[in-house]
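For the sequence shown, the working numbering assigns the number 338 to the initial residue and increments by one for each residue that follows.
The beta-carbon is built from N, C-alpha and C at its ideal position, and this holds for glycine as well.
If you're wondering where the values come from, they're calculated on a predicted model, not measured in any experiment.
This report concerns only the one structure given below.
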Amino acid sequence: MITAGTLSVYQYAVSNGFNEPVTRTMVFTTLISSNIFLTLINRSFHYSIFESLRNKNNLITLIVLATILLTALLIYVDPLASFFRFQQLNTQQIIISVAVGFIFTIWYEIVKFFNRIKKMV
């Protein structure tokens, strides 16, 4: 599903005439955001993300914040962005990339929901 989401962002960027660095950056941002959401969702294969977030885990918080910070540095700090051939994204491009990352990983919450219901029956 993450691959499908990433490819859809790629197709969106190409069809809207974005240049290669913007397309690359949007795809990268989608992959990173998908993996952040996947990390949060997979904290438990049974309980919902809301239930599992109640269990405090400082390491997860640190890892997620460090990932967001490093991603921002890679995109918005010129020497790093140049090295990876990234280009700064506008607000709409970031929202699209993160939203697709969310949508294409949150489906697993539905699977967990039905699994919980099946175990109750």
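Which first and last residues belong to the alpha helix (DSSP H) in which Met338 is found?
The residue given as residue 338 occupies position 1 in the sequence shown. Premise fails: Met338 is in no alpha helix (DSSP H) and is neither H nor E.
Which residue marks the beginning of the alpha helix (DSSP H) containing Ser389, and which one marks its end?
One-based indexing of the sequence shown puts residue 389 at position 52. Residues 386-391.
If you count every other CB in all the chains shown that lies within 10 Å of the CB of Ala403, and 16 or more means buried, which is it?
As a working note, residue 403 is residue 66 in the sequence shown. By the neighbour-count rule (16 or more Cβ atoms within 10 Å), Ala403 is not buried but exposed.
Hey, could you find the ends of the alpha helix (DSSP H) Arg361 is sitting in?
What you label residue 361 is simply residue 24 of the sequence shown in a count that begins at 1. Looking at the DSSP string, the run of the alpha helix (DSSP H) that includes Arg361 is 357-378.
Between the Cα of Phe374 and the Cα atoms of Phe441, Lys449, Phe451, Lys455, which residue gives the shortest distance?
Taking the sequence shown and counting its residues from 1, one reaches residue 374 at position 37. The candidate whose alpha carbon is nearest that of Phe374 is Phe441.
For the alpha helix (DSSP H) containing Leu411, name the first residue and the last one.
Locating residue 411 in the sequence shown gives position 74, counting from the first residue. Start and end: 395-413.
Using 8 Å for Cβ pairs, my map puts Thr362 next to Ile432. What's the rounded Cβ distance?
As a first step, residue 362 must be located in the sequence shown, where it is residue number 25. As a first step, residue 432 must be located in the sequence shown, where it is residue number 95. The pair is not a contact, with the Cβ atoms about 14 Å apart (cut-off 8 Å).
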